[in-house]
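Protein sequences, first through last, are from chains A and B. Note that my numbering has the first sequence beginning at 1, numbered continuously upward. Note that my numbering has the second sequence beginning at 1001, numbered continuously upward. C-beta: ideal position from N, C-alpha, C; glycine also. Notes follow once the structure below has been shown.
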Amino acid sequence: MSVGHVARAIEESGIPTVTVMVKAFEHRASEFKIPRTLVVQHPMGRPLGAAFDKQRHRDVLNAAFDLLESAPHNGTVVELPDAYRPETHSGATAREER
Amino acid sequence: MDKPQPQESFEEFRQSFFYGRRGDLNFKFFKDLPDDDVASFIQIVLDRLGDAYDTGDVLPLIEAAFEAQVAGYAPDPGTSPKFFFDDGPFTPCEMSVTNARVGLLATSGHFVHGDDPEPFGEAAMTQAEAEARIGEFMSAAPVLSEIPSDTATPALRVRHGGYDIRSAVRDPNVAFPIDRLREARDDGRVGSLAETFFSFPGATAQGRLRKVLPGWVERIHDEDIDVMLLVPV
């Protein structure tokens, strides 16, 4: 819920926002009239994608930036169709554990 | 001889995943699903595990968990949401993001090593303690952590009593895409980055959040950003 209040306050202050939301919380977009929402089919806690799945992270960011530029009005929701994939399915070759 | 323990009902088993003795933040939504749905989920997972023994493919298991999670958090059609707005603000983005100065705010609970927000005055609170004290977090005002956008990724820490942080510990970019945004800047996908990014644990008192938000917005404007990426978890 927190992001709903945050998005509204920042947008109202004159800064365009885009929110990356996991599918489970998609309903928050309409409840809060979040300005622009990119819905991702990822599990909670991994809105950008799996750990070290750099390509998915980039795809999500690019879609979010596209939405920032293209959304015509408040409440615009776009869903990224790609299903979640864990690191072993992402083509990542090196773990970067620390 | 030990006294026999009362038999646990399936409902008690299901609810024990919500900060109970089997507390598991990936499956705390069991609390809000009917017994039959949780039973079906377990059956599906075990069946797909039977296939995974041979195939080694865990994707069908992950898909089952994802679908159950979406069902678990779906609003109950018989109840009204706690917050509902008829309309909302909209500020047109009148420039290409390739020329924009981009800010980041996540509700992920990240902070920089050495700059622990120390919730409730407690130094070095662990993730387990944060989960145990979720009720206190949900009634307290949130604290916004400032994270310089040139922070070395290994210096990031994360703590949040509301979600399983294991992925965010392995790779902060799953919820706080600091490396990906720096790469986007270096590749020319975005014009520049704010000097400071922000994060706070989104599991917080909503009324208190609304009270502190005007101050946060003022602070965000100091970053002179053109657009902002918001990442809830």
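A direct Cα-to-Cα measurement between ALA1074 (chain B) and PRO1034 (chain B) gives close to 13 Å.
A residue is called buried when at least 16 other Cβ atoms come within 10 angstroms of its Cβ; LYS33 (chain A) meets this threshold and is buried. Under DSSP, THR37 (chain A) shares a beta bridge with A:THR19, A:VAL77.
Secondary structure at THR1153 (chain B): helix, using DSSP grouped into helix, strand and coil.
With respect to chain B, the C-beta atom of SER90 (chain A) has no partner C-beta closer than 9 Å.
A straight-line Cα-Cα distance of about 6 Å links ILE1147 (chain B) and VAL1112 (chain B).
Taking VAL6 (chain A) as reference, the option from A:VAL22, A:LYS23, A:ARG28 with the minimal CA-CA separation is A:ARG28. Distances from the CA of PHE65 (chain A) to each of B:VAL1058, B:ARG1101, B:PHE1084 were compared; the closest alpha carbon is that of B:ARG1101. Residues of the segment 1052-1066 of chain B with a Cβ closer than 8 Å to any Cβ of chain A, in chain order: VAL1058, LEU1059, ILE1062, GLU1063, ALA1065, PHE1066. DSSP, reduced to helix, strand and coil, places PRO1060 (chain B) within a helical segment of the structure shown. By the CB criterion at 9 Å, GLU11 (chain A) and THR1091 (chain B) fall inside the cutoff. Cβ contact annotation for HIS1110 (chain B) (same chain, cutoff 8 Å, sequence separation greater than five): SER1145, ILE1147, LEU1156, ARG1157, VAL1158, ALA1168, PRO1172, ALA1175, PHE1176, SER1199, in chain order.
Within the segment 1134-1153 of chain B, contact with chain A at the beta-carbon level (separation under 7 Å) is assigned to no residue.
In the DSSP assignment, PHE1010 (chain B) falls within the unbroken alpha helix (DSSP H) covering 1010-1015.
CA-CA distance, ALA1039 (chain B) to ARG1021 (chain B), rounds to 19 Å. Beta-carbon to beta-carbon, PHE1083 (chain B) and MET1 (chain A) are separated by about 6 Å, close enough to satisfy the 8 Å threshold. In the displayed model, PHE1018 (chain B) falls within coil according to three-state DSSP, outside both helix and strand. Taking 8 Å as the upper bound for CB-CB distance, LEU1105 (chain B) and VAL18 (chain A) are not in contact here, some 11 Å apart. For the C-beta of GLN41 (chain A), the chain B residues within less than 8 Å are, from N- to C-terminus, PHE1066. For LEU80 (chain A), not one C-beta of chain B is nearer than 9 Å to its own C-beta. Apart from sequence neighbours up to five positions away, the residues of its chain that approach ASP1164 (chain B) with a beta-carbon distance below 7 Å are LEU1025, ASN1026, ordered along the chain.
Around the beta-carbon of VAL1143 (chain B), fewer than 16 other beta-carbon atoms lie within 10 Å, marking it exposed. At a cut-off of 9 Å between beta carbons, ARG1182 (chain B) makes no contact with chain A. By the Cβ-count criterion, ALA83 (chain A) is exposed, with fewer than 16 other Cβ atoms from all chains shown falling within 10 Å of its own Cβ. Secondary-structure assignment with DSSP links MET1228 (chain B) through a beta bridge to A:THR17, B:GLY1103. At the C-beta level, VAL20 (chain A) and VAL1217 (chain B) stay beyond 9 Å of one another. The segment 1040-1048 of chain B and the segment 1058-1068 of chain B touch, with three or more beta-carbon pairs separated by less than 8 Å. Per DSSP, reduced to three states, the secondary structure at VAL1174 (chain B) is helical.
By the Cβ test, the segment 1179-1190 of chain B is not in contact with the segment 1114-1124 of chain B, since fewer than three Cβ pairs between them sit closer than 8 Å. Close partners of HIS1221 (chain B) in chain A (Cβ separation under 8 Å): SER13, ILE15. Between the alpha carbons of GLY45 (chain A) and VAL1190 (chain B) lies a distance of about 25 Å. The beta carbon of ILE1225 (chain B) sits closer than 6 Å to those of ARG1101, GLY1103, ALA1194, all from its chain and outside the five residues before and after it, given in chain order.
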